[in-house]
Structure formats: structure tokens, C-alpha cells
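Trainee: Starting off with a structure, shown below.
Number of protein chains: 4
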Amino acid sequence: MSFEPRDPHFERRVRDSFSRQKAMETLGARVARVAAGEVDLELPFRDDLTQQHGFLHAGIVTTVLDSACGYAAFSLMAADQAVLSVEFKVNLLAPAKGDLLVARARVKRPGRTLTVVTGDAVMVTGEEEVTIATMVGTMMALENRPGLVS
Amino acid sequence: MSFEPRDPHFERRVRDSFSRQKAMETLGARVARVAAGEVDLELPFRDDLTQQHGFLHAGIVTTVLDSACGYAAFSLMAADQAVLSVEFKVNLLAPAKGDLLVARARVKRPGRTLTVVTGDAVMVTGEEEVTIATMVGTMMALENRPGLVS
Amino acid sequence: MSFEPRDPHFERRVRDSFSRQKAMETLGARVARVAAGEVDLELPFRDDLTQQHGFLHAGIVTTVLDSACGYAAFSLMAADQAVLSVEFKVNLLAPAKGDLLVARARVKRPGRTLTVVTGDAVMVTGEEEVTIATMVGTMMALENRPGLVS
Amino acid sequence: MSFEPRDPHFERRVRDSFSRQKAMETLGARVARVAAGEVDLELPFRDDLTQQHGFLHAGIVTTVLDSACGYAAFSLMAADQAVLSVEFKVNLLAPAKGDLLVARARVKRPGRTLTVVTGDAVMVTGEEEVTIATMVGTMMALENRPGLVS
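This is the structure in C-alpha cells:
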């Protein structure tokens, strides 16, 4: 699918907003790629983000997937809109072990108010890539809300 | 609902396993309460865990909810079983602002292999408490898997 | 929780709209109870609605839960609004066998545009009641859409 | 993705089991295609399966998606296993209007006990096809359960 962005400066807008997500900096996540309706984020494996078996915590994987899905939706929104997550569901497919977590989000259906996004999370180790989780989420466009910057 | 735990030492087992979740220490989460089929976790608000609008990131809220739900299920498992998240869904109900995040997980239906758990997340500020998210998840009991400690 | 309905005639509005859901009549479902933010629906067991093992099909259970959740949200909406399901998730907890399916939906958080609703489905046989499924869904209020009656 | 079926007679097994789902016959659904890990089902539009706005009821769409996802998982199971739905989530993307509902399910990750499946539902009218819903679900393989035929 290919989408027509409403704001030609969507990539800058996505990267600026991402840089204000302090949780992303705390976890060590970064933007790998931005296109209209598509955002990839990366998180290098860190031992201090693991659960009791030494894998990345499912919630940490979800945090990166949620940001990727939110920004994929945000890339198609108007310049004065903000984005909030309405809901998401995650299925965990394999243990999150490896060198690098990559979350790839793609808009499934853009809408005036609600946008549905899917995201796959993979763990990369050398040349090998294993899909470890998949998300489907609903993102909401907010307008004119005082106190919300985009 | 009240449940009969299979392992009388379930509280120690939950607290020991929680202490091995390095992500929980990194985020600053702690165990507030453990009962058979019920676990409450707490996370004091931290500015470095926020999204772009200054609220706790939905993924961070999910991380605490997931651990709470996982350990609620784990509290009813046998002493030699480990727990893994199969899937969860989160609905975000209000912005996660306030002093303290509390995630309260309750087992909805325990099972031999799969246990369904619900969890509510609230933000507490002084006397006030606002429900900000709700999770429904499926947790799996694993047995005799080499390399997995419970 | 108790809710203040915006339309004092909400019960009539719910029952009228339900009577226009031809799928409900085809399946044999009926309204058991309507309150502000709460709707119970019933479906007597029918052999022609089963899956391959002779239980009620999970999709049929979902159909009744979805209508119950939609109308629980609808009961709190304004008189000129229509309701549509945005998304729902269902966890199946036990085989759907018994005499009567009862779906009980309760609004979890009402909103101007989106309302989050939870619903439990039970199978009743004589005095016994078994919870067989649970739903969490998001319902949307629509205004001024030509062609949509409420 | 391509999968190696454990039972070479998987197509017959899927079609036989589908023919025992009385709900499918009641709704008028049929098997359109079976491959290893892939099942397409079809349901011609019927006015008596609609909700209050004249679209196919979201629950009816879900019923067909659930059967498609269940049988996609079942196609990869061993000859003596039965399948049950553990959970699914559906996002509704557009009104279900048109001549024919087609549900296309694809296994995302097969497993010994649990299989994750995704399914898209489209409405077809002449040459046009609109995606109206998407499902992600977890299906469980059951062995040696007395009283369950596959």
C-alpha cells in the first residue's frame, strides 16, 4: 500500500516528536526509517531490560512497537494533529534474544480520527532475523488540545 | 474469586522471580502485594519514562501490567513451572499522569497450560486514583525447559 | 460504577435499535436487561449454531457479546448518535455448552467519541453458571452520518 | 511463508471438520481454498445477518474469520489433533457491505501447542474488493481429548 501524506514535512515531524519521547532515550531506541505510513525503530539488546529468563521483557518490546505504530500513524496526520494510542494487542511469538530489536510498523487503514496499524518485531543476530512479536493497534488523531504538542 | 495455590511458597517464588526481572529494577517498579492469583505492582512516576506529551509511555504502563499479570498467573503454578506471556491486549483509558502507577492483576481463569488474567492500571495522586489502562492477557505455564529458571 | 445517561429514553432507544439487528433475530437472541451503561443479552442454545465439537461457535458467542457491548455504550450516548464497533478482543475460557448463553456488558470508561466496554459470557444450565468468554471492546459514537439510523 | 504439513491429507481433514460446523451451514459459509497454513472462506451477503445499519454484523464477520483462522492452524496439525480458539482480536476497518464476504487466514507462527494466525476479511462487489476487518488469533492443538472429534 502507498499513502499520500497530508504534511510534506512528515519525516521531520516524526523525528522531532520521537526525540521528545524521553522513554525512548532511556531505553536506547532510535529511528531507523521513516516513510509515509511506515516507521522502523531499533533497540540494541540491553541486559538491564530483560525479564527473569534473560530475554527482552515483553513490555519493552511492546514499548518500541507502540512508538513505531504511533509514529507510522502520525506520519499520515495533518501538521497540527497529535497522536495517542487507543489500544493495542501483542502476540509474543518467540523469545526476544539476539543483538538488535527492530520494530517495523505499517499503516493498515488510515482514517480521519482513527488509524489502524500493524507492527512486527524481529530480533537480529548477525545475518539472522527472527520474528518475535506482532502488534495490531488503533491510533487516534487529536486536534486543538491545549497542552499537547505533537 | 479465590484460588487454591499449588505451591504454598508462592509468594516467595513470585518475589524471587520478580527480583530477577532486571527491567523492573531499571524502571523502578516494586511488588506492592502478592496473594493467590493476585499481584499488585507499583511504579513511581519518572520523567524519563514519558512519551512526547509528558505522560508515562503506554508501553511502560504495559510493561508493569504485563509483569503483574504474569506473576498473578505464576502465583497459582506449580513450584517447577515457569511463566511466559502468550499475548495481551491493552486499552488506554486516560493519560498516565500522577505520582504513582499501580497495576493490579487478577486471575480470571486458571488453567493447566494457559491462564487468563486481567489487570487494571491506575495513577494515584494524593487521595485521588484514576484508571488509565486495562489489560487482558494469556499466560502459559512451561515445564522442564532447560535454561529457564522460574 | 454508575453513569448519567445523556438521553433519558435510552432504554427504548437500545431496544428499538436491537430490534433492527436482523442478525439477532436470526440467531434467536433477545434483550434480558438494559440499564445505563449495562446491557444483558440472552441466546438459548441451538444445535445449528455449533462448531465441530458441538459447542456454540466462538463467533456466535462473540456476536452476542459484541451486540451487548455496543448497546451498553449506546445506552450512554446522545439521542442523535449511532454506535459502531471499532475493535474487540475475546478470550475463550471454557467450552460453550449449556442451555442458555448470557452476555453481560458493562461500560468501563465512557468517552465523547470512544467508549470502552467489557463483557462476560456465561452458559447457564439449571442453577449452574460457567463463564465461557470475556470481551474488551472499543465502541465509537457517530454523529450526523447520512444513511445511518441509530 | 511456506509450511510443511504434518498430515498429507490435511485438505480433506479441514473440509471434513468444516462440514461438521453447523454454524457455517446456518450462515451459508463455504470453503473457497485450502493450502498448508492457509484457508479462505466465503459468505454471500445475507440481509438476515445484518446489524442495525444494514451491514453484515461484526460478529458474523468474526465468526467466518475465526473459522478461517482455526482451519488455517488445523491444516498444519497432526492427524489426531483437534483445534480450539484460545483468543482473537478483531479490528473493524470499514462497513461490511457488498455482495460477498471473503475471509483469508494465514498462519503467522505455527507451534507445537499454540499457533498464531492472521486473517483479513474483504467485501467483494463485482471487481471491487474492500478490506473490512482484520483478525489476529491464537489457536490451540488438543490431543487425546475424549469426546472431541477433530
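Residue numbers (my numbering), protein chains in the order written: chain V, 1 to 150; chain L, 151 to 300; chain A, 301 to 450; chain P, 451 to 600. Every residue, glycine too, gets a C-beta built ideally from N, C-alpha and C. Keep in mind that this is a model prediction, so the values were computed, not measured.
Taking the Cβ atom as the reference point for each residue, do A323 (chain A) and Q501 (chain P) lie within a distance shorter than 8 Å?
Mentor: Yes. Within cutoff.
Trainee: Identify the residues that DSSP records as bridge partners of M435 (chain A): which are they?
Mentor: A:V390 and A:G419, per the DSSP bridge assignment.
Trainee: Considering just the uninterrupted stretch of the beta strand (DSSP E) at E338 (chain A), what are its terminal residues?
Mentor: E338 to P344 is the extent of the beta strand (DSSP E) around E338 (chain A).
Trainee: Tell me, which residues are paired with R33 (chain V) by DSSP?
Mentor: Per DSSP, V:D40.
Trainee: Count the CB pairs spanning the region 104-123 of chain V and the region 157-171 of chain L that are closer than 8 Å, and state whether there are at least three.
Mentor: Touching, no.
Trainee: D80 (chain V): which of V:D47, V:R13, V:E87 and V:A58 sits nearest, CA to CA?
Mentor: If we check each option's Cα against that of D80 (chain V), V:R13 comes out closest.
Trainee: Which residue's Cα is closest to the Cα of V130 (chain V): V:G98, V:L27, V:E11 and V:G111?
Mentor: Checking every option, the nearest Cα to that of V130 (chain V) belongs to V:G98.
Trainee: Once the 5 residues before and after R409 (chain A) are set aside, which same chain residues still bring their CB inside 6 Å of it?
Mentor: Cβ within range, chain order: V416.
Trainee: Secondary structure at E175 (chain L), three-state DSSP: helix, strand or coil?
Mentor: Here E175 (chain L) sits in helix by DSSP.
Trainee: Kindly list, in the order they appear in chain L, the residues whose Cβ is closer than 8 Å to that of V536 (chain P).
Mentor: Residues of chain L passing the Cβ test: V236, L264 and T288.
Trainee: Straight-line CA distance for D490 (chain P) to G478 (chain P)?
Mentor: Taking the straight line from one Cα to the other gives about 14 Å.
Trainee: Between which two residues does the alpha helix (DSSP H) carrying R170 (chain L) extend?
Mentor: Here R170 (chain L) belongs to no alpha helix (DSSP H), and DSSP marks it neither H nor E.
Trainee: Tell me, please, whether the CB atom of H357 (chain A) is closer than 8 Å to any CB atom in chain P?
Mentor: By this cut-off, H357 (chain A) is an interface position.
Trainee: If you reduce the DSSP assignment to three classes, tell me which class E579 (chain P) lands in.
Mentor: Of the three classes helix, strand and coil, the one that applies to E579 (chain P) here is strand, per DSSP.
Trainee: Would you check if the distance between the CB atom of S167 (chain L) and the CB atom of F205 (chain L) is smaller than 8 Å?
Mentor: For S167 (chain L) and F205 (chain L), no; Cβs fall outside 8 Å.
Trainee: Hey, would you say A96 (chain V) sits closer than 8 Å to I132 (chain V), going by beta carbons?
Mentor: Yes; because the gap between Cβ atoms is below 8 Å, this pair is in contact.
Trainee: With a threshold of 8 Å on Cβ separation, who are the neighbours of T413 (chain A) within its own chain once the five nearest residues in sequence on each side are excluded?
Mentor: Closer than 8 Å at the Cβ level, and outside the excluded window around T413 (chain A), lie M440 and A441.
Trainee: Find out if the Cβ-Cβ distance for the pair L43 (chain V), V64 (chain V) is shorter than 8 Å.
Mentor: A contact, by the Cβ cut-off of 8 Å.
Trainee: Please state if the CB of V286 (chain L) and the CB of T434 (chain A) are separated by a distance shorter than 8 Å.
Mentor: The answer is yes: Cβ separation under 8 Å.
Trainee: Give me the Cα-Cα distance between R46 (chain V) and A103 (chain V), rounded to the nearest whole angstrom.
Mentor: Their backbone Cα atoms lie some 16 Å apart in a straight line.
Trainee: Q231 (chain L) bridges to which residues according to DSSP?
Mentor: For Q231 (chain L), which the question treats as bridged, DSSP gives the partners L:E293.
Trainee: For A332 (chain A), which of A:Y371, A:R320, A:I360 and A:L384 has the nearest alpha-carbon?
Mentor: Among A:Y371, A:R320, A:I360 and A:L384, the Cα nearest to that of A332 (chain A) is on A:Y371.
Trainee: In or out: A528 (chain P) buried (at least 16 other Cβ within 10 Å) or exposed?
Mentor: The residue is exposed, with fewer than 16 neighbouring Cβ atoms inside 10 Å.
Trainee: Going along chain A in order, which residues have a C-beta closer than 7 Å to the C-beta of K89 (chain V)?
Mentor: Neighbours of K89 (chain V) on chain A, chain order: K389.
Trainee: Give the C-beta separation of V107 (chain V) and G37 (chain V) to the nearest angstrom, bearing in mind that I take them to be a contact with Cβ-Cβ under 8 Å.
Mentor: Contact holds; Cβ gap of about 4 Å.
Trainee: Does DSSP put L365 (chain A) in a helix, in a strand, or in coil?
Mentor: Of the three classes helix, strand and coil, the one that applies to L365 (chain A) here is helix, per DSSP.
Trainee: Buried or exposed: S2 (chain V), going by 16 or more other Cβ atoms within 10 Å of its Cβ?
Mentor: Classification of S2 (chain V): exposed, given that the 10 Å Cβ count is below 16.
Trainee: Determine, using beta carbons only, whether L199 (chain L) and T26 (chain V) come nearer to each other than 8 Å.
Mentor: Contact: yes.
Trainee: Only counting the same chain, and skipping five residues up and downstream in sequence, which positions put a Cβ closer than 8 Å to that of Q171 (chain L)?
Mentor: Within the same chain, Q171 (chain L) has close Cβ partners S217.
Trainee: So, at 6 Å on beta carbons, what are the nonlocal neighbours of E537 (chain P) in its own chain, with the 5 sequence-adjacent residues on each side left out?
Mentor: Hits under 6 Å: T588.
Trainee: Using a Cβ-Cβ cutoff of less than 8 Å, which residues in the same chain neighbour R15 (chain V) once the five nearest sequence positions on both sides are dropped?
Mentor: Closer than 8 Å at Cβ, skipping near neighbours: V31 and V34.
Trainee: When the cut-off is 8 Å and only beta carbons count, does D420 (chain A) lie next to chain P?
Mentor: For D420 (chain A), the answer is no, since every Cβ of chain P falls outside 8 Å of its Cβ.
Trainee: The beta strand (DSSP E) that contains A396 (chain A), what's its start and end?
Mentor: Here A396 (chain A) belongs to no beta strand (DSSP E), and DSSP marks it neither H nor E.
Trainee: Figure out for me which residue from L:A244, L:T212 and L:L226 has the closest Cα to the Cα of H57 (chain V).
Mentor: Measuring from the Cα of H57 (chain V), the nearest candidate turns out to be L:T212.
Trainee: What residues in the region 476-497 of chain P bring their beta carbon closer than 7 Å to a beta carbon of chain A?
Mentor: Within the region 476-497 of chain P, the qualifying residues are T476 and D497.
Trainee: What's the call for S19 (chain V), buried or exposed, on a 16-neighbour Cβ count within 10 Å?
Mentor: Answer is exposed; the Cβ neighbour count stays below 16.
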